[in-house]
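In what follows, a structure is listed as structure tokens, so that the remarks can point back to it.
Protein chains: 2
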Amino acid sequence: MALETLETPCLILDRNRLDANIARMRASAERLGVRLRPHLKTAKSIEVARRVGADAITVSTLREAEYFADGGFTDITYAVGIAPGRLDRAGKLVARGVDLKILVDTPDAARAVVESGIAFKVLIEVDCGDGRAGIAPDDPRLLETAAAFGSEGPARLDGVLTHAGHSYGIADADGVARIAEEERQAIVRAADTLRSAGYAINTVSAGSTPTALMSRDATGLTEYRAGVYVFFDMDQQSRGVCQEDDVALSVLTTVIGHNRSAGKVLLDAGGLALSKDTGANAFRPEVGYGAVCDLDARPIDGLFVTSVSQEHGHVRLGPSHSFEDYPVGRRLRVLPNHACMTAAAYESYNILEDGALGAVWGRCNGW
Amino acid sequence: MALETLETPCLILDRNRLDANIARMRASAERLGVRLRPHLKTAKSIEVARRVGADAITVSTLREAEYFADGGFTDITYAVGIAPGRLDRAGKLVARGVDLKILVDTPDAARAVVESGIAFKVLIEVDCGDGRAGIAPDDPRLLETAAAFGSEGPARLDGVLTHAGHSYGIADADGVARIAEEERQAIVRAADTLRSAGYAINTVSAGSTPTALMSRDATGLTEYRAGVYVFFDMDQQSRGVCQEDDVALSVLTTVIGHNRSAGKVLLDAGGLALSKDTGANAFRPEVGYGAVCDLDARPIDGLFVTSVSQEHGHVRLGPSHSFEDYPVGRRLRVLPNHACMTAAAYESYNILEDGALGAVWGRCNGW
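Here you go:
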């Protein structure tokens, strides 16, 4: 089998699962009647972006914005607050004809954008309860930030954006739907506040993978952003957002040792190959650093990466497992906790289609 | 100041601190009368390797071995158990004239090495209590593994190797010295067992940064391996192995937003830029994802990266801090938890020497 020939550790991306995940999110957006602006921070791959099939995309770094612009995408939202020192670099994208939306959450940052003299479209980031970046919808700083934008341009206020990252704190569909409604109400309230003050608000952007899939109402939103749904991971599985057999991304690994005294099999997928994210453990503490699977990506009952060092994944065997089943050299696949973090350690994806290894797709890492 | 001109996030490596850390470890090895075989898994950089000034080195991946061989190093120990499928690739290094030592911890892996017909020098990995890879020193599998090596070669048994990773579980010098002594006794016992059975044992290799610095006796060891000491990090600082002003590696970051309601300043160094390692938190729970410093790398009292998302570092301000002191655009430096994990997200180091920015040194990532 071809999976026996790759150097390990490496990424395997199951294209059938990828396509099904893309279709599921698209159906959810159609059901809600809202446009999807996929967040490509997870895949960072032009080939994945093309399969996603959206004209409008979201990125998390300027390097991603440049990479996807090189690949022909022209409608890009850079959904991380911009530092004034990055405006020149971002301006080069605008000069190339990219319809670039950038993000601010302070009056000072808004003024710096205006002073750049570049025709940016600007979104004000709103905190809908996640507690990451953004201005609370009822905070007077929202209007103060908007006031930085005069009518003379060329930079202009385009809208508002929020992210319900706190939807990751809940593992049932009703709870996520409730947070989706809070997210919607918060960002619509911010948009209404600005409209009441006379600002034209085009973009009302919300989204996270859980809320985009489980929301019951998108009234007032112009778009949903979501990223990790293309791959899914154990983090999402542990929260009931997907099943294990939806997870499209895995790490191919090889058994490299046995520690019989400690009852452990050692893999060549450690902290660098899997990342040290343990997001799934909040709801499934047994997951550790990933779910160990056979070469067909079927989870092996009770087998997880229990701890990691830099280049070692430690797998503690249970009473139903035997060292003889995991000889040195055996290959396995690991479903990671958090696809965005794990994929970042690699330069490419090995594509598996209908069980056969095919193309290699690139990635754009760094900043 | 030049640090204002770099794209962030990026790595800053203080060469004065690097040199002092290298000198300190060299003095410790001289005191103990044992050779140092630095572990280059932390720096993965030929320029750092040259400053370390050792002829014999340790690596954690074959890609590192190839990279350092390209840079002229010929005495290399690949200190992670080798899978049989990697023997051909490793053999190419032997064919190039590299004196390559590889690692096994099962009789099957040893037999696979012998059957390769390649002139590898082989070390048997011994578990001295860390519980990672290796055979317990009194386990009969030690002799069983050695028995795979006949006298006819070309692969031959060269020695034994262990790593006291559990020295990271203790934060006082006496405790680490006790583990260093356990490490020494375990690996010397394994060597003696093999010698008593008639095997010539050349290499008796031990080491971790804490034990290599705090050991009081290296009798019977031929070398100490240590890696993270070149940079140090908050993980080591939290355990008393170094001081904050020894930490040579930092992440340069920019303030990108304010969340006044949540009391947070947002940085552009998040989970990808810092890694999700939280090793220092076992002894200093306040450290979170890193210690926030000014541009001279002076820690700011009470300021830490309290949480991270992919591209956001969240810094919760305390009663003594003010948002006005951290405007959007201000640059800061973050001392990371675990230098090995953090550095892996970057392609290069920006070298700071006597406070001035100078050369850019490369890194070798991936596998």
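Listed in order, the protein sequences are those of chains V and F.
Each residue of the first sequence is one higher than the last, beginning at 801 in this note's numbering.
Each residue of the second sequence is one higher than the last, beginning at 801 in this note's numbering.
Where a beta carbon is used, it is the ideal one built from N, C-alpha and C, also for glycine.
Just so you know, these numbers come straight off a predicted model, no measurement behind them.
I believe residue 1004 of chain V touches residue 991 of chain V by the beta-carbon criterion, under 8 Å. Please report the beta-carbon distance rounded to the nearest angstrom.
At roughly 5 Å, the Cβ-Cβ gap stays under 8 Å, so residue 1004 of chain V and residue 991 of chain V are in contact.
Expressed to the nearest angstrom, what Euclidean distance is found between the alpha-carbon atoms of residue 951 of chain F and residue 1165 of chain V?
Distance between the alpha carbons of residue 951 of chain F and residue 1165 of chain V: 49 Å.
When the distance is taken between beta carbons, is residue 1143 of chain F closer than 9 Å to residue 862 of chain F?
No; because the gap between Cβ atoms is not below 9 Å, this pair is not in contact.
Any beta-carbon of chain V closer than 9 Å to the one on residue 943 of chain F?
Answer no: the Cβ-Cβ gap between residue 943 of chain F and chain V never drops below 9 Å.
Distance check for residue 1124 of chain F and residue 884 of chain V, CA to CA, integer angstroms please.
Spanning the two alpha carbons is a distance of roughly 16 Å.
Could you check whether residue 921 of chain F and residue 902 of chain F sit closer than 9 Å to each other, using their CB atoms as the reference points?
For residue 902 of chain F and residue 921 of chain F, yes; Cβs fall inside 9 Å.
Listed in chain order, which residues of the region 1046-1076 of chain F have Cβ atoms closer than 8 Å to some Cβ of chain V?
Here the close residues are 1054, 1055, 1056, 1057, 1058, 1059, 1060, 1061, 1062, 1064, 1066, 1068, 1071, 1072, 1073, 1075, 1076.
Taking only three categories from DSSP, how would you classify residue 1127 of chain F?
Here residue 1127 of chain F sits in coil by DSSP.
Compute the beta-carbon to beta-carbon distance between residue 961 of chain V and residue 879 of chain V, rounded to the nearest angstrom, for a pair I have assumed lies under 8 Å.
About 6 Å separates the two Cβ atoms, so the contact holds.
Would you call the region 835-849 of chain V and the region 1133-1148 of chain V in contact, with 3 or more CB pairs under 8 Å?
Contact between the region 835-849 of chain V and the region 1133-1148 of chain V is present, because at least three Cβ pairs lie under 8 Å.
Could you work out which residues of chain V lie near residue 1037 of chain F, taking near to mean beta carbons separated by less than 9 Å?
The contacting residues do not exist; residue 1037 of chain F stays about 19 Å from chain V at best.
Anything in chain V within Cβ reach of residue 906 of chain F, meaning under 7 Å, just list it in chain order.
Correct list: 1057, 1058, 1128.
Going along the chain, which unbroken runs of the alpha helix (DSSP H) with 4 or more residues stay wholly within the region 825-896 of chain V?
Counting whole runs of 4 or more residues, the region 825-896 of chain V contains the alpha helix (DSSP H) stretches 846-852, 862-870, 887-895.
According to DSSP, is residue 983 of chain F part of a helix, a strand, or is it coil?
Helix.
Can you look up residue 1069 of chain V in the DSSP assignment and give me helix, strand or coil?
Correct three-state label for residue 1069 of chain V: coil.
Below 9 Å on C-beta distance, what does residue 1140 of chain F contact in chain V?
Result: 1071, 1072, 1110.
Could you tell me whether the Cβ atoms of residue 1070 of chain V and residue 1034 of chain V are closer together than 9 Å?
For residue 1070 of chain V and residue 1034 of chain V, no; Cβs fall outside 9 Å.
In chain order, which beta strand (DSSP E) runs of at least 3 residues are fully inside the region 919-981 of chain V?
The qualifying runs are 921-925, 956-961.
Please classify residue 815 of chain V: does DSSP put it in a helix, a strand, or coil?
In this structure, residue 815 of chain V counts as helix in the three-state DSSP scheme.
Could you list the residues in the region 843-862 of chain V with a C-beta less than 9 Å from some C-beta on chain F, going in chain order?
Result list: 860, 861, 862.
Using three-state DSSP, classify residue 1164 of chain V as helix, strand or coil.
Here residue 1164 of chain V sits in coil by DSSP.
In terms of DSSP beta bridges, what is residue 1156 of chain V paired with?
V:1153, per the DSSP bridge assignment.
Measure the beta-carbon distance from residue 1148 of chain V to residue 1129 of chain V and round it to whole angstroms, keeping in mind my assumption that it falls under 8 Å.
At roughly 24 Å, the Cβ-Cβ gap does not stay under 8 Å, so residue 1148 of chain V and residue 1129 of chain V are not in contact.
Cβ of residue 975 of chain F less than 9 Å from any chain V Cβ?
Chain V, which has no Cβ nearer than 9 Å to the Cβ of residue 975 of chain F, makes this no.
Just list the beta strand (DSSP E) runs in the region 992-1022 of chain F, keeping only unbroken ones of 3 residues or longer that don't cross its boundaries, in chain order.
DSSP runs (the beta strand (DSSP E)) wholly in the region 992-1022 of chain F: 1003-1006.
Rounding to the nearest angstrom, what Cα-Cα distance links residue 919 of chain F and residue 970 of chain V in this structure?
Those two C-alpha atoms are separated by around 56 Å.
Is DSSP giving residue 1042 of chain V helix, strand or coil here?
Here residue 1042 of chain V sits in coil by DSSP.
Taking CB distances under 9 Å as the criterion, tell me whether residue 1114 of chain F reaches chain V.
Cβ-Cβ to chain V under 9 Å: yes for residue 1114 of chain F.
According to a CB-to-CB cut-off of less than 8 Å, which residues of the region 865-883 of chain V neighbour chain F?
Of all residues in the region 865-883 of chain V, 880, 881, 882, 883 have a Cβ within less than 8 Å of some Cβ in chain F.
Along the region 808-841 of chain V, what residues have a CB closer than 9 Å to any CB found in chain F?
Here the close residues are 808, 809, 810, 841.
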